[in-house]
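Q: Mind looking over this structure? Questions follow.
There are 2 protein chains.
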Amino acid sequence: MVRPGGRSARVQASVHTAVRELASEVGRDALTVPLVAQRAGVTPSTIYRRWGDLQELLSDVAVERLRPDTTPGDHGTLSSDLTSWAEQFLDEMASPTGRAYIRDALLGDPDGGNAGQCSAYAAEQIDVILTRATRRGERTPDAESVIDQVVAPMMYRILFRPDGLDAAYARRLVAGVLRGV
Amino acid sequence: MVRPGGRSARVQASVHTAVRELASEVGRDALTVPLVAQRAGVTPSTIYRRWGDLQELLSDVAVERLRPDTTPGDHGTLSSDLTSWAEQFLDEMASPTGRAYIRDALLGDPDGGNAGQCSAYAAEQIDVILTRATRRGERTPDAESVIDQVVAPMMYRILFRPDGLDAAYARRLVAGVLRGV
DNA sequence: GTCTTAACGCAATCTGTTTGCGTTAAGTCG
DNA sequence: CGACTTAACGCAAACAGATTGCGTTAAGAC
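What follows is the structure, given as structure tokens:
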């Protein structure tokens, strides 16, 4: 059991910030547990006992960074809301740092919980857009269709074919799913 | 430069088989470079110099295992060809071992070459199915649409939401892409 | 305030990684 | 075919990160 407050919470916070700081200072590939521990003011054994290994720690941090920090913008129509969201999503996720976070999140994730959390973030954002459109009286595809036809193709190409990805591709995907309603 | 034949080829082969054997004997997570080296009759430094680290080696082996060993079956119609291929693809890839291979292939892959190879395998299989259908006189979607609307959703769910995947899902995706032609 | 025990720090130990150097053999050219 | 160049490999030492037993601290419960 992980105690929620006090020293445990401080350790968790300082370790997470140590990872983020060091990642931007020395680079993602130069991170080691002893290095993170030293920066966080903690001993390596604490990190190993709590996270298991470096990959699980990086996975935790990655999920934290992949959480969207704003709600999707309201541009007046479902089409424009979904298009601009998809463009922004692709732009962030296809960047080198975005891809690194995705890989980290997938990597140190024995039970699939962290990857599922990433998917849930996207699903929430899409839900916001769709319910807003419904409230306007627009006909909308269901969230699963948007995930299958917009999110999944973008993620697939980011992971497996990272060439030739641009905003136009995101727009095509959105247009495709809206054509089906 | 990697010399194509002779000793280098023997080392490559024995290391790859050592990985496969040990993975099934002691489990994927218990693999270490020294362990693989001992089984392969090689010194660890040889593996480190050639592959860099364990993850890149596992990525190479994973890509090898993910290469399809048969051409897609001919069932007389595009719909049935594509459906049975997608069902089989999902079945293989969504299994625990399939997911492990996918993760390994994505993981130790600095330049994205191995992941691109996996995607190319699927694209080849789809091309076979589509050109066969064209020769029959059927109207077909283009390969990119099949990748976006069939392969990508399956892979996305395998990686990010590994629950509730079954053959019916594959059939729905195929039906969806065929509806668009 | 007292008790229980999860979480942590310390330090020794273990195991995997890295590297310099000598050797082997694949590929090349006369 | 024989000599030459150098990529690839083996060996072993040095290094660094991972692991673990044990004592200590402090969070949460009563």
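Protein chains in written order, with the working numbering: chain A, 9 to 189; chain B, 9 to 189. Beta carbons: idealized from backbone N, C-alpha and C, even for Gly.
Under the rule that 16 or more other beta-carbon atoms within 10 Å means buried, what is residue 104/A, buried or exposed?
A: What you label residue 104/A is simply residue 96 of the first sequence in a count that begins at 1. The residue is exposed, with fewer than 16 neighbouring Cβ atoms inside 10 Å.
Q: Using beta-carbon positions only, say whether residue 19/A and residue 65/A come within less than 9 Å of one another.
A: Against the first sequence, residue 19/A aligns to sequence position 11. Against the first sequence, residue 65/A aligns to sequence position 57. No, the pair does not count as a contact, with Cβ atoms beyond the cut-off.
Q: Could you check whether the Cβ of residue 189/A sits closer than 9 Å to any Cβ belonging to chain B?
A: Here residue 189/A refers to the residue found at position 181 of the first sequence. No, residue 189/A does not count as interfacial toward chain B.
Q: So with Cβ pairs under 9 Å, would you call residue 156/B a contact of chain A?
A: Here residue 156/B refers to the residue found at position 148 when the second sequence is read from its first residue. With 9 Å as the cut-off, residue 156/B counts as an interface residue toward chain A.
Q: For residue 91/B versus residue 160/B, is the C-beta spacing smaller than 9 Å?
A: On the second sequence, residue 91/B is found 83 positions in, with the first residue counted as 1. On the second sequence, residue 160/B is found 152 positions in, with the first residue counted as 1. It is not a contact, given that the beta carbons lie outside the stated cut-off.
Q: Examine the Cβ distances between the stretch 118-126 of chain A and the stretch 66-79 of chain A and report whether three or more of them are shorter than 8 Å.
A: yes
Q: My assumption, with CB atoms under 8 Å, is that residue 31/B sits in contact with residue 39/B. Please give the rounded CB distance.
A: Taking the first residue of the second sequence as 1, we reach residue 31/B at position 23. Taking the first residue of the second sequence as 1, we reach residue 39/B at position 31. In this structure residue 31/B is in contact with residue 39/B, their Cβ atoms being roughly 6 Å apart against a cut-off of 8 Å.
Q: Of the residues 93/B, 146/B, 144/B and 163/B, which one's Cα is nearest the Cα of residue 109/B?
A: The residue given as residue 109/B occupies position 101 in the second sequence. Comparing Cα-Cα distances from residue 109/B to each of 93/B, 146/B, 144/B and 163/B, the minimum goes to 163/B.
Q: Measuring straight from C-alpha to C-alpha, what distance separates residue 153/B and residue 25/B?
A: Locating residue 153/B in the second sequence gives position 145, counting from the first residue. Locating residue 25/B in the second sequence gives position 17, counting from the first residue. Whole-angstrom Cα-Cα distance: 37 Å.
Q: Helix, strand or coil for residue 78/A per DSSP?
A: One-based indexing of the first sequence puts residue 78/A at position 70. If DSSP states are grouped into helix, strand and coil, residue 78/A belongs with coil.
Q: Mind checking if residue 161/A is an interface residue toward chain B, Cβ cutoff 9 Å exclusive?
A: The residue you call residue 161/A lines up with position 153 of the first sequence. Taking Cβ atoms only, chain B reaches closer than 9 Å to residue 161/A, which makes this a yes.
Q: What's the gap between the Cα of residue 138/B and the Cα of residue 142/A?
A: Here residue 138/B is taken as the residue at index 130 of the second sequence, counted from 1. Here residue 142/A is taken as the residue at index 134 of the first sequence, counted from 1. Spanning the two alpha carbons is a distance of roughly 38 Å.
Q: Could you name the residues of the same chain whose beta carbon sits closer than 8 Å to that of residue 151/B, not counting the 5 residues immediately before and after it, in chain order?
A: Position 143 of the second sequence, counted from the start, is the residue given in the question as residue 151/B. If we look at residue 151/B and ignore the five residues flanking it on each side, its Cβ neighbours are 131, 134, 135 and 138.
Q: Using a Cβ-Cβ cut-off of 9 Å, state whether residue 31/B counts as contacting chain A.
A: Here the question's residue 31/B lines up with position 23 in the second sequence. For residue 31/B, the nearest beta carbon of chain A is not closer than 9 Å to its own beta carbon.
Q: Quick test of your reading: residue 189/B and residue 158/B, contact by CB under 8 Å. State the CB separation rounded to the nearest angstrom.
A: In the second sequence, residue 189/B corresponds to position 181, counting from 1. In the second sequence, residue 158/B corresponds to position 150, counting from 1. Not a contact, Cβ separation roughly 13 Å.
Q: Using only alpha-carbon positions, find the residue among 55/A, 33/A and 63/A that is nearest to residue 118/A.
A: By 1-based counting over the first sequence, the position of residue 118/A is 110. It is 63/A whose Cα lies nearest to the Cα of residue 118/A.
Q: My assumption, with CB atoms under 8 Å, is that residue 170/B sits in contact with residue 120/A. Please give the rounded CB distance.
A: Stepping through the second sequence from its first residue, residue 170/B is reached at position 162. Stepping through the first sequence from its first residue, residue 120/A is reached at position 112. That belief holds up - the Cβ atoms of residue 170/B and residue 120/A are roughly 5 Å apart, short of 8 Å.
Q: Could you tell me which whole alpha helix (DSSP H) segments of length 4 or greater appear in the stretch 78-128 of chain B?
A: 86-102 and 104-115
Q: Using a Cβ-Cβ cut-off of 6 Å (strictly less than) and excluding sequence neighbours within five positions of residue 98/A, which residues of its own chain qualify?
A: The residue you call residue 98/A lines up with position 90 of the first sequence. Hits under 6 Å: 162 and 178.
Q: Are residue 140/A and residue 82/A closer than 9 Å when you measure CB to CB?
A: As a working note, residue 140/A is residue 132 in the first sequence. As a working note, residue 82/A is residue 74 in the first sequence. Against a cut-off of 9 Å, the Cβ pair of residue 82/A and residue 140/A comes out as a contact.
Q: Determine the chain B residues that contact residue 116/A at a beta-carbon separation under 9 Å, and present them in chain order.
A: Along the first sequence, read from residue 1 onward, the residue named residue 116/A stands at position 108. Those do not exist, as residue 116/A stays about 10 Å from chain B at its closest Cβ, beyond 9 Å.
Q: Answer with yes or no whether the minimum CB distance from residue 192/A to chain B is below 9 Å.
A: No information on residue 192/A is available, as it lies outside the stretch 9 to 189 that chain A covers here.
Q: Is DSSP giving residue 52/B helix, strand or coil here?
A: Mapped onto the second sequence, residue 52/B falls at position 44. Residue state, collapsed to three classes: helix.
Q: Determine the extent of the alpha helix (DSSP H) in which residue 157/A is found, giving its start and end residues.
A: Looking up residue 157/A in the first sequence gives position 149. Looking at the DSSP string, residue 157/A is not in any alpha helix (DSSP H), and its letter there is neither H nor E.
Q: Does DSSP put residue 37/B in a helix, a strand or coil?
A: What you label residue 37/B is simply residue 29 of the second sequence in a count that begins at 1. Residue 37/B falls in the helix class under three-state DSSP.
Q: Taking only beta carbons into account, state which residues of the stretch 96-129 of chain B come closer than 8 Å to chain A, listed in chain order.
A: 111, 114, 115, 120, 123, 124, 126 and 127
Q: One question on the structure: do residue 106/B and residue 166/B come within less than 9 Å of each other, judged by their Cβ atoms?
A: By one-based count along the second sequence, residue 106/B stands at place 98. By one-based count along the second sequence, residue 166/B stands at place 158. Yes, these two residues count as a Cβ contact at 9 Å.
Q: Can you have a look at residue 15/A and say buried or exposed, based on whether 16 or more other CB atoms are within 10 angstroms of its CB?
A: On the first sequence, position 7 is the one that residue 15/A refers to. Answer is exposed; the Cβ neighbour count stays below 16.
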